[in-house]
Amino acid sequence: MDFPLPDNEAERLAELHALDILRSASAEALDGVCVLARQMFDVPYACIGLVNEDRHIFKANSGWGDTDGTSRAHSFGTWTILSSETLFIPDTRTDPRFASNIYVTGPPHIRFYLGSPLALRPGVNIGSLCIFGCEPRELRPGDLALLSHLTRIIIDQFRLHQANQRAKRELEHRRASQCLLETQSRELWRRQTLLAQTERMARVGGWEYDVASARLSWSDGVFRIYGLTPGLEPTTALAQSYFPSEARQHFQKRFEAALRTAEPFELELPFINAQGHHRLIRKTCELETDGARVLRAFGILQDITEQKEAEQRMWHMANHDALTDLPNRGLMREKLDLAVRRARRASHNVGVLLVDLDHFKDVNDTLGHDAGDALLVEAARRLSGCVDDADTVARLGGDEFIVLLSRLTSPAEGMAVAQQLLAVLAQPFSYRRSTLSCQGSIGVTVAPIHGSDPLTLLKNADIALYRAKSAGRGVAVEYDPRMQQATESRIQLAARIRLALRHGELVPYYQPKVSLTNGEIVGFEALMRWHHPRRGVLGPQDFGEVFDDPQLSIEIGEQLLGQATRDMARWAAMNCPFGHVAINVSSAEFSRGHLAERVLAALAAARLAPELMVVEVTESVFLGRSMETVRQSLQALSHAGVKISLDDFGTGYASLTHLKQFPVDRIKIDRSFVQDLEHDADDAAIVRAVIHLGRSLGIETVAEGVETRAQAAYLRANGCDFAQGFLYARALPASRVPALMEGWCAADAVHGSDGPLVVAV
Ligand code: C2E
Ligand code: CA
Ligand code: CA
């Protein structure tokens with residue numbers, strides 16, 4: 001339904017909404033005005049309405065009952081707000097605007113109307129005060145004055161409401177800002193405390209220097225770092241006096257430069273606080289300029305002592321070996337890099353000494369890890385004691401150490417130091433009532449002669465070390481380029497031997513063992529020969545290194561066992577009384593396990609009694625990780641009837657314990673003692689001692705490498721049981737064994753003239 005709108009409807013509505021009165025609770029005062037108006041005008045209805053977009057909402061009324069207003073189309077107020085004048089209708093039925101109004105035609109049948117527009121500002125009518133009567137009526141004198149009075153009261157009420165609203169808003173605003181302020185100040189306080197706390201915890205403080213006034217100021221943190229009570233006026237002289245003079249000059253120089261150039265800087269400086277404690281300080285300096293000159297310098301002072309110490313500790317842990325506290329491989333590489341680069345510039349020599357302890361694994365395996373650790377620590381201590389501060393001793397891991405001699409006066413000095421190290425290491429060392437040895441072997445390389453980069457130097461030192469070890473250990477060997485070839489040829493040899501194995505080029509030869517009492521052959525030792533297609537028959541001096549190769553030695557051992565048992569079976573079939581055959585077994589063959597089973601199975605396959613077989617081992621197989629396996633294997637063999645012979649006795653440990661721990665039936669006196677028997681009283685004494693040792697333990701003795709009758713005579717005279725050597729025969733092919741046996745003259749072997757009895761190959 002249509003209704004007229006005032007010209008300023010939008011403005012009017014804005015004012016109304018701004019007043020925020022529509023939804024607010026009805027005011028008692030306005031109800032009172034309505035009651036008063038009814039009485040004063042003597043009418044049944046009076047109301048105060050506000051006109052919004054579509055309704056005339058009664059803010060207060062008297063006579064209308066519970067209603068909250070009427071629609072704008074039917075409202076008299078709609079017309080009242082169109083002008084600033086009072087709207088007076090004496091009889092609605094004669095007014096075309098109202099004659100058909102539902103409240104005129106229907107109940108309450110309004111006839112008389114007096115309405116006054118309500119405005120807080122002139123012309124902006126937000127509502128109306130309406131007075132209705134049901135009888136047509138004219139205005140009485142004073143009615144308009146009364147109406148304007150009531151209108152003013154209402155407007156006052158509105159104004160009051162407006163003021164209240166404003167006050168309320170203000171209050172809310174103030175409360176909000178108060179709240180904000182409080183939060184802000186709390187935050188500020190929190191930050192300050194935090195800052196102070198951080199200052200304390202991080203041991204930092206702020207400083208500031210005003211260039212114009214030359215005034216310095218400090219935060220409490222700085223005072224704390226200095227160990228001074230906050231409050232006193234700091235001066236640059238005071239600030240500087242706690243730094244050692246060198247640090248002071250250093251800072252001063254940078255500071256003056258910064259004031260000139262406006263370049264910020266940061267320094268770490270040693271510092272001695274008021275209590276005399278040595279600390280490390282980080283000082284930063286920022287500059288503020290006006291575009292041309294520096295106005296202000298400021299920055300942070302931080303005590304970084306603990307931080308640095310922690311960093312240092314972390315670094316140390318990452319770069320050192322936990323057991324010996326020596327630099328580790330990583331740090332060693334860095335130092336070697338540096339040393340080599342420096343040496344290149346200064347053209348001097350750098351020595352790389354690669355040290356490997358000789359029997360570390362044995363100590364570790366037999367005496368336990370504690371003993372092993374003690375040995376490593378002692379070796380580290382001794383090595384470190386032999387070199388200068390400028391040199392580095394590092395542990396590469398396991399029992400390998402490296403000594404970097406950063407500045408050699410001559411290339412020969414490297415070997416000289418190595419000899420010195422060997423001597424120091426060789427000193428016996430006691431650990432819990434046992435005497436240990438940290439004897440080592442050393443490979444020496446010198447830069448730039450043997451290599452100009454760390455990698456080559458280390459690789460060549462390794463080659464030299466390998467040489468030192470294979471040269472019998474306990475020695476130092478300097479790298480020689482020819483060793484490189486040797487290493488390569490070792491690799492080639494292994495490949496070549498594998499091929500030889502497949503082609504059946506490796507065959508056992510047999511060297512007889514003769515009784516010193518009656519000259520009879522009591523058995524043979526199987527010794528490996530290589531029928532080289534071009535070079536002829538080769539002995540272990542040409543390929544023996546392969547016995548040290550764990551994989552190859554197993555393959556060779558396997559083949560030898562098969563061939564030897566086949567040869568024995570053939571001899572037995574020919575009724576050749578060969579006695580026994582001794583085979584040499586390397587430690588890898590034991591480590592592989594089931595040695596006894598394999599030997600016994602091979603014998604069984606060839607239908608040979610175990611008593612026909614002797615197993616020769618050197619003392620070195622008793623040492624190491626597989627000691628228990630070795631003991632069990634030997635025991636099983638011994639139990640089955642296989643005899644055990646201890647090879648090369650006297651060159652290694654010559655340990656009585658070994659003789660008791662392992663089932664040893666025979667001791668073989670090493671050739672080196674037999675050789676010089678006639679000329680070397682010491683060797684002769686050793687030989688006698690070994691023979692007596694065997695006697696007293698009920699163990700037979702075999703002398704190896706007997707070449708002369710005089711040697712044989714001496715051995716016989718001293719009670720040695722058997723002899724083996726060129727005097728009787730060299731190792732010969734299996735096919736010649738029966739003939740040898742047949743033609744053997746025992747009497748000749750005992751009494752014959754000097755010179756070999758039989759010479760084979
Ligand atoms: P070994 O077990 O001590 O063998 C004795 C070595 O002394 C043999 O050298 C033998 O030919 C040599 N010999 C014997 N009588 C005399 C003599 O009167 N004068 C001199 N100068 N030497 C004599 P060979 O055959 O060169 O063997 C060297 C080493 O190679 C052996 O020492 C043994 O350790 C190893 N070997 C040989 N064959 C095998 C094998 O089949 N398996 C294993 N694991 N090792 C073997
Ligand atoms: Ca042997
Ligand atoms: Ca031997």
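For the sequence shown, the UniProt record's numbering gives the first residue as 1, with consecutive numbering after it.
Yeah, the Cβ is synthetic: ideal placement off N, Cα and C, and Gly gets one too.
| Item | Value |
| --- | --- |
| Say the cut is 7 Å; is the CB of residue 525 nearer than that to a heavy atom of ligand 2? | yes |
| Counting only runs of 4+ residues fully inside the segment 231-262, write out the alpha helix (DSSP H) ranges in chain order. | 236-241 and 245-261 |
| Using only the alpha-carbon positions, how far apart do residue 255 and residue 305 sit? | 22 Å |
| Buried or exposed: which applies to residue 78, given that a residue is buried once 16 or more other Cβ atoms fall within 10 Å of its Cβ? | buried |
| Go through the segment 526-583 residue by residue and report every complete run of the alpha helix (DSSP H) that reaches 4 residues or more, in order. | 540-543 and 550-573 |
| So what does DSSP say about residue 763, is it helix, strand or coil? | Outside the displayed range of the chain (1 to 761) lies residue 763, so it cannot be described from this structure. |
| When you get a sec, list the residues whose CB is within less than 5 Å of any heavy atom of ligand 2, chain order please. | 584, 616 and 647 |
| Report the CB separation of residue 112 from residue 137 in whole angstroms; it is logged as a contact under 8 Å. | 4 Å |
| So for residue 760, helix, strand or coil by DSSP? | Low local confidence applies: a pLDDT of 38 at residue 760 is under 50, so the model's placement there is unreliable, with the coordinate-based value given in what follows. It is coil, neither helix nor strand. |
| Buried or exposed for residue 747, going by 16 or more other Cβ atoms inside 10 Å? | exposed |
| Quick check: the Cα distance between residue 270 and residue 240, rounded to an integer number of angstroms? | 12 Å |
| Using a Cβ-Cβ cutoff of less than 7 Å, which residues in the same chain neighbour residue 511 once the five nearest sequence positions on both sides are dropped? | 524, 525, 527, 724, 729, 730 and 731 |
| Based on DSSP bridge pairs, tell me the residues matched to residue 663. | Paired residue(s): none; residue 663 is not in a bridge. |
| What residue range is occupied by the uninterrupted beta strand (DSSP E) comprising residue 129? | 124-133 |
| Taking the alpha-carbon positions, what's the residue 608 to residue 401 distance? | 51 Å |
| If we ignore side chains and look at the alpha-carbon of each, how far apart do residue 108 and residue 102 end up? | 9 Å |
| Going along the chain, which residues of its own chain have a beta-carbon closer than 6 Å to the beta-carbon of residue 741, five neighbours each way excluded? | 576 |
| In three-state DSSP terms, what is residue 743? | helix |
| With DSSP as the reference, identify every bridge partner of residue 208, one or two as the case may be. | 217 and 298 |
| Rounded to whole angstroms, how far is the Cβ of residue 618 from the Cβ of residue 647, which I believe are closer than 8 Å? | 5 Å |
| Check whether the Cβ of residue 558 sits closer than 7 Å to any heavy atom of ligand 1, and report yes or no. | no |
| With a threshold of 16 other CB atoms inside 10 Å of the CB of residue 315, please say whether the residue is buried or exposed. | exposed |
| Let me know if residue 461 comes out buried or exposed under the rule of 16 or more other beta-carbons within 10 Å of its beta-carbon. | buried |
| Verify whether the separation of the beta carbon atoms of residue 128 and residue 118 is less than 8 Å. | yes |
| Which same chain residues, not among the five before or five after residue 153, have their C-beta less than 6 Å away from its C-beta? | 33 |
| Would residue 292 be called buried (16 or more neighbouring beta carbons within 10 Å of its own) or exposed? | exposed |
| Would a C-beta distance cut-off of 8 Å place residue 207 and residue 298 closer than the cut-off? | yes |
| Count the other C-beta atoms from every protein chain shown that fall within 10 angstroms of the C-beta of residue 720, then say buried if there are 16 or more, exposed otherwise. | buried |
| Relative to the C-alpha of residue 745, which candidate in 356, 514 and 584 has its C-alpha closest? | 514 |
| For residue 15 and residue 40, I'd like the C-alpha separation in whole angstroms. | 30 Å |
| Helix or strand or just coil, what does DSSP make of residue 16? | helix |
| Measuring from the CB of residue 360, is there a heavy atom of ligand 1 at a distance below 7 Å? | no |
| Where does residue 761 land, buried or exposed, given buried means 16+ other C-beta within 10 angstroms? | Any reading at residue 761 needs caution, since the residue's pLDDT is 34, under 50, leaving its predicted position unreliable; the model's value is listed next. Exposed, because fewer than 16 other Cβ atoms sit within 10 Å of the Cβ of residue 761. |
| How about residue 678 and residue 635: do their beta carbons lie closer than 8 Å? | no |
| How would you call residue 438, buried or exposed, if buried means at least 16 neighbouring beta carbons within 10 angstroms? | buried |
| What residue does the alpha helix (DSSP H) around residue 85 start on, and which one ends it? | Neither: residue 85 is in no alpha helix (DSSP H) and is coded neither H nor E. |
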